[in-house]
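S.K.: Could you have a look at this structure, given as C-alpha cells, before my questions?
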Amino acid sequence: MYFTDAHEELRLHIRKFLEKEMQPHLEEWEEKTFPDSIFQRMGELGFLGLRYPQELGGQGGDYFSAIVLSEEMAKAATGGLGMAVAVQTEMATPPVFKFGTEEQKRRWLAPAIRGEHIAAIAITEPDAGSDVAGITTTAKRYGNEF
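Quick look at the structure:
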C-alpha cells in the first residue's frame, strides 16, 4: 500500500475544503472563470506546495501527496480548475524548483506555493502543438544576452 495514514488525513482535509469552499461555486466557475483568490486559499492550506520543501513554504511531502490532491479534485469534478491546479503544481513550478537559481525560487516558486502567483508554462508551437518533443525553438547567446 502506497498511501499512509498521513496521506489519508490529507485526503480528508482536501475533501472537506472542496466540499465546503469549492463545490458550491464550481458550476459558476466552470461557466465563467474561477477567482484568483481560490489559489490563494489553496496556498494558505498548503495544497499548492505539497511536495516542495518547507524552506520554500511547501509541506515537504511526496508524490503520493500530490496524487491525493489530484484524485480528490477529480472526484469533485473540478474540471478546468483542477487542470489549472495540476498545471501549477505538476508542470509549471517543477522546472523552477529543479533548475532555478535560489533567487528565482524565492521570486517565483515561493509565491506560487503560497498561491500569490499563478504559474503557467509555454510549450506550444505552430508545427508541434503541445508535443514538447517536436518543439524547434532554440535560444542563442549573444554576449551576455539570449
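All residue numbers for the sequence shown refer to our numbering, where the first residue is 102 and numbers rise by one. We put the beta carbon where it would ideally sit given N, CA and C, even for glycine. Here the structure is a predicted model, which means the values were calculated and not measured.
1) Give, in chain order, every unbroken run of the alpha helix (DSSP H) that is at least 4 residues long and sits entirely within the region 168-213.
2) Hey, how far is the Cα of Gly201 from the Cα of Ile139?
3) Taking Cβ to Cβ, would you say Glu191 is nearer than 8 Å to Ala167?
4) Please check the pair Thr239 and Ala229, which I expect to be a contact at CB under 8 Å, by giving their CB distance rounded to whole angstroms.
5) What does DSSP give as the partner residues of Ala243 in its beta bridges?
6) Using the Cα positions of Arg116 and Glu173, report the straight-line distance between them to the nearest angstrom.
M.R.: To lay it out plainly:
1) With a minimum length of 4 residues, the continuous alpha helix (DSSP H) runs that stay inside the region 168-213 are 180-187 and 195-200.
2) Rounded to the nearest angstrom, the two C-alpha atoms are 26 Å apart.
3) Ala167 is positioned such that its CB atom lies closer than 8 Å to that of Glu191.
4) Contact between Thr239 and Ala229 is ruled out by a C-beta separation of about 13 Å, above the 8 Å threshold.
5) Just to set this straight, residue 243 is Tyr in the shown sequence, not Ala. DSSP lists Glu246 as partners of Tyr243.
6) Each residue's CA atom was taken as its position, placing Arg116 and Glu173 some 6 Å apart.
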